[in-house]
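Trainee: 1 is the number of the first residue of the sequence shown in the UniProt record's numbering; add one for each residue after it.
In this text, a Cβ means the ideal position worked out from N, Cα and C, and glycines have one as well.
If you're wondering where the values come from, they're calculated on a predicted model, not measured in any experiment.
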Amino acid sequence: MINENELRNVIGRNAYDSNGDKIGKVGHVFLDDETGQPEFATVNTGLFGTSETFVPIANASISGDQLNVPFTKDQIKDAPNVDADGGHLDQSEEARLYQHYGMSYSERSSDTGLPSGYDDDSNRDSTRNVHGTEGHDTSGPTTDDAMTRSEERLQVGTTSQEAGRARLRKYVTSETETATVPVTKERAVIETEAITDGNVGDALDGPAISEEEHEVVLREEQAVAEKVAEPVERVRLGKETVTENETVTEEVRKEHIEAEGDVTDRRGNL
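1. So, is Ile-57 buried or exposed, given that buried needs 16 or more other C-beta atoms within 10 angstroms?
2. Give the DSSP bridge partners of Gly-24, in chain order.
3. Consult DSSP for Glu-94 and reduce its assignment to one of helix, strand or coil.
4. Excluding five sequence neighbours on each side, which residues of the same chain lie with their C-beta closer than 6 Å to the C-beta of Arg-253?
5. Where do the N-terminal and C-terminal ends of the beta strand (DSSP E) with Ile-62 fall, by residue?
6. By Cβ distance below 8 Å, which residues in the same chain neighbour Glu-52 in space, the five residues on each side in sequence not counted?
7. Using 10 angstroms around the beta-carbon of Pro-231, count the other beta-carbons present and answer buried if the total reaches 16, otherwise exposed.
8. Assign Leu-67 to one of three DSSP states: helix, strand, or coil.
9. Within its chain, find whatever has a CB closer than 8 Å to the CB of Thr-158; leave out the 5 residues flanking it on each side and keep chain order.
10. How long is the line joining the alpha carbons of Ala-15 and Ile-2, rounded to whole angstroms?
11. Just tell me which of Phe-54, Ala-163, Lys-77 and Leu-67 has its CA closest to the CA of Tyr-98.
12. Check Leu-89 in the structure and name its three-state DSSP category.
13. Would you grab the beta carbon distance between Pro-80 and Arg-96 for me? Rounded to a whole angstrom, and I think it's under 8 Å.
14. Could you check the C-alpha separation between Ala-60 and Asn-68 for me, to the nearest Å?
15. Could you check where the beta strand (DSSP E) with Val-55 kicks off and where it finishes?
16. State whether the region 165 to 176 contacts the region 229 to 249, with contact taken as three or more CB pairs (one from each stretch) at a distance under 8 Å.
17. Are the CB atoms of Asp-21 and Lys-77 nearer to each other than 7 Å?
18. Can Glu-220 and Lys-185 be called in contact, C-beta distance under 7 Å?
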């Protein structure tokens with residue numbers, strides 16, 4: 001069982017869930033009024049730790065300066081919103097918390113043998129905040145001589161979330177291309193040549209007077225087009241990181257200590 005002295009090392013430190021995931025910083029510790037044992041702790045949850053959630057710590061453990069609780073992060077974030085007025089939890093609020101965390105409220109006994117949520121004195125509050133009792137503080141033993149003043153510090157961080165998606169898509173378009181190619185054609189022409197000693201034999205070959213036909217095959221080239229697919233470039237989808245400045249504004253709370261009566265204040269400005 002965790003004692004109050006051990007909790008001095010974890011207030012302001014990080015709490016981790018049953019899976020080892022970080023939940024948030026420990027803000028306050030609530031003690032059982034009768035036994036004085038730590039019963040609840042508040043853990044900062046939500047974006048930038050702006051919410052405080054109550055977690056039972058009877059079965060928690062401490063490892064170094066971190067608090068390990070036997071509950072999941074989602075279970076803790078979904079816990080009932082409890083307002084500890086005056087630094088105390090009443091019995092109905094305790095019962096709501098134990099019911100949410102699946103713990104039997106009536107089976108948790110205090111040193112008196114009674115359930116810790118019940119008492120033979122009906123006028124007492126069941127659980128108190130160690131910061132809510134004068135002179136009872138995690139910074140020292142129970143005393144009426146001193147108390148600790150705390151302030152909330154604005155701790156700004158970043159969280160990564162999906163902002164959008166990009167994809168490469170390839171599609172086909174058609175366009176017209178025009179090219180000029182030279183083509184050759186054969187044409188029939190009539191040529192005459194004089195009779196010479198060299199061709200007189202061919203000229204006298206055949207009948208002297210007759211009808212005759214002579215056919216010549218003419219050829220021509222025609223322009224044809226053939227399409228061939230070939231790679232021209234490669235395109236890939238990459239990512240780059242750019243940094244921008246964003247301003248975050250939050251309200252922070254500060255505790256102030258003032259004295260009443262005939263007291264000389266030797267402090268600086270708090």
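Mentor: Taking the coordinates as given:
1. Answer is buried; the Cβ neighbour count reaches 16.
2. In the DSSP assignment, Gly-24 forms a beta bridge with Ala-15.
3. Helix.
4. Cβ neighbours of Arg-253 beyond the five flanking positions: Glu-152.
5. Looking at the DSSP string, the run of the beta strand (DSSP E) that includes Ile-62 is 61 to 63.
6. So the qualifying residues of the chain are Gly-27, His-28, Thr-42, Val-43, Asn-44 and Thr-45.
7. Around the beta carbon of Pro-231, fewer than 16 other beta carbons lie within 10 angstroms, which makes this residue exposed.
8. Correct three-state label for Leu-67: strand.
9. If we look at Thr-158 and ignore the five residues flanking it on each side, it has no Cβ neighbours.
10. Those two C-alpha atoms are separated by around 14 Å.
11. Ranking the options by Cα distance to Tyr-98, first place goes to Phe-54.
12. When DSSP states are grouped into helix, strand and coil, Leu-89 belongs to the strand group.
13. That belief holds up - the Cβ atoms of Pro-80 and Arg-96 are roughly 5 Å apart, short of 8 Å.
14. If I take the Cα positions, the gap works out to 6 Å.
15. 51 to 56 is the extent of the beta strand (DSSP E) around Val-55.
16. Between the region 165 to 176 and the region 229 to 249 there are three or more C-beta pairs closer than 8 Å, enough to call the two in contact.
17. In this structure, Lys-77 does not lie closer than 7 Å to Asp-21 by Cβ.
18. Lys-185 is positioned such that its CB atom lies closer than 7 Å to that of Glu-220.
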